[in-house]
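Peer 1: Take a look at this one; I'll ask things after.
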Amino acid sequence: MPTVRSGPRGRLQELRNPLLLPDAGRRRGHPQAGGGVAAVYLIVIGGGTVGYYLSRDLIERGEEVTLVEKDGARAEWLESQLGSIVMRGDGDELSFLATTGIERADAVLAVTGDDEDNLVALQLAKERFKVPRTIARVNNPANVSIFKMLGVDEAVSATEVLLGALEPKIGGQ
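Using the numbering used here, read the sequence shown as starting at 124 and increasing by one per residue.
What follows is the structure, encoded as structure tokens:
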């Protein structure tokens with residue numbers, strides 16, 4: 124039986140009991156709010172511009188998403204735009220992560236503007252909750268190798284992506 128708790132602004136949110144989700148918690152075919160079946164369950168940590176658009180697009184693709192944002196006012200705005208997928212809390216705190224359904228997540232994406240927060244969140248996801256895939260937004264390109272060395276599956280630096288897109292143009296001149 125699902126447990127119910129008060130969510131942001133007093134709304135009731137259903138927490139799925141992981142014991143009622145047979146091993147399917149990490150497999151394709153999760154039940155999705157509003158009916159249908161979600162392909163995967165993803166947790167996005169960081170509700171800034173990147174996290175907002177990423178979550179919105181994932182929802183439009185039919186994925187089940189939980190968006191974590193620690194700033195209360197920002198979390199309220201995100202909820203007004205995206206609905207009850209938003210949870211207010213700190214994505215690099217173990218006790219909070221345990222309330223997000225992370226134990227059944229297929230992947231966790233940390234996209235805050237702080238590399239240290241992203242790294243801690245993803246290390247917790249990987250080591251404590253055994254999440255099979257972790258993906259980081261890396262703000263300082265010098266940190267990409269550190270993220271990979273410390274077990275993050277994908278470390279994406281916008282700077283490196285842009286430089287990579289530019290290189291063929293510069294090299295072809």
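Even for Gly, the Cβ is constructed at its ideal location relative to N, Cα and C.
(1) Excluding sequence positions up to five away, which residues of its chain have a Cβ less than 8 Å from the Cβ of Val261?
(2) Would you kindly report the start and end of the unbroken beta strand (DSSP E) that includes Glu192?
(3) State the Cα-Cα distance for the pair Pro145 and Pro291, rounded to the nearest angstrom.
(4) Restricting to Cα atoms, I'd like to know which of Arg179, Phe219, Ala230, Asp194 is closest to Ile208.
(5) With a Cβ-Cβ cutoff of 8 Å, do Val243 and Asp276 count as a contact?
(6) So what's Leu181 in DSSP terms, helix, strand or just coil?
(7) Using the beta-carbon count (16 or more within 10 Å), is Tyr176 buried or exposed?
(8) Curious, which full-length alpha helix (DSSP H) runs of at least 4 residues does the region 218–296 contain?
(9) Could you pull the DSSP bridge partners for Ile166 from this structure?
Peer 2: Here's the rundown:
(1) Asp238, Asn241, Val267, Phe270, Ala278, Val279, Ser280
(2) 187–192
(3) With a pLDDT of 31 at Pro145, under the threshold of 50, the predicted position of this residue should be treated as unreliable, though the coordinate-derived value follows. So the two alpha carbons sit approximately 48 Å from each other.
(4) Arg179
(5) no
(6) helix
(7) exposed
(8) 238–250, 267–272, 281–294
(9) Thr189, Val231
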